Amino acid sequence: ATVMKWSLVSVFSYAIKQTGTWIPWLYLVGTGQSGKTTMANIGAYFYGMPNKDINIGGGSFNSDFRIGNILSEDCTLRVVNEPAPTFRTETLTDLIKNCVEMEICRKVQGKVYPAFSPIIFTANNFIPEMDSLYRRLFIIDFNYDQRKSKESKKAFENKFHVQSPSISMLRDLSAFGRVAIREVMSD
């Protein structure tokens, strides 16, 4: 439930930063095949049909240039799978910490890269032990008991088509996103 609630409010994360506060990014960690990435992808349905650009491999999120470009595209949540390459570098870890709470991800030669997109990290491995990083991430553990069998995964995909947005019944979740936007706009 936490991942779904976070996904519903995540589109407002940049606006929240402009008020002087921020929401932590999610870090889903645990055993493989436990549903971490699937759960993150389902959350993307709140604001329309997710496209292939929301899923990013950790190797494509491993430089200040790449991170700045990805975060500055729009306010859509992104799912970064296996982000270990990002957290192995102190400068990138510091960049991530800043992007969680700051409006600007980076400035280079007069070009500003806003930190629009909120991130859900999904990983089988844990992140480095840094209190300052832990304060900026909401960590959710997926344990071995949550591991899905091949049969249950296939049945779930055949019913919900998480990876096939054009035919997925999860598109109906966008009604919740529209209500959330309407509520925020009416205040």
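Residue numbers (the working numbering): 2 to 188. Each residue gets a CB set at the ideal place from its N, CA and C atoms; glycine is no exception. Because the structure is a prediction, the values reported are computed rather than measured.
A direct Cα-to-Cα measurement between Asn70 and Phe117 gives close to 10 Å. Shortest Cα-Cα distance from Ser150 to any of Ala124, Pro166, Gln34 involves Gln34. Put simply, of Ser11, Thr3, Phe47 the residue whose alpha carbon is nearest the alpha carbon of Ala176 is Phe47. Fewer than three pairs of CB atoms, one per stretch, sit closer than 8 Å, so the stretch 123–137 makes no contact with the stretch 2–16. The Cβ neighbour count for Thr87, taken over all protein chains shown within 10 Å, is at least 16; the residue is labelled buried.
Counting the other CB atoms within 10 Å of its CB gives Met50 a total below 16, which places it among the exposed residues. Exposure of Met170 is indicated by the presence of fewer than 16 other C-beta atoms within 10 angstroms of its C-beta.
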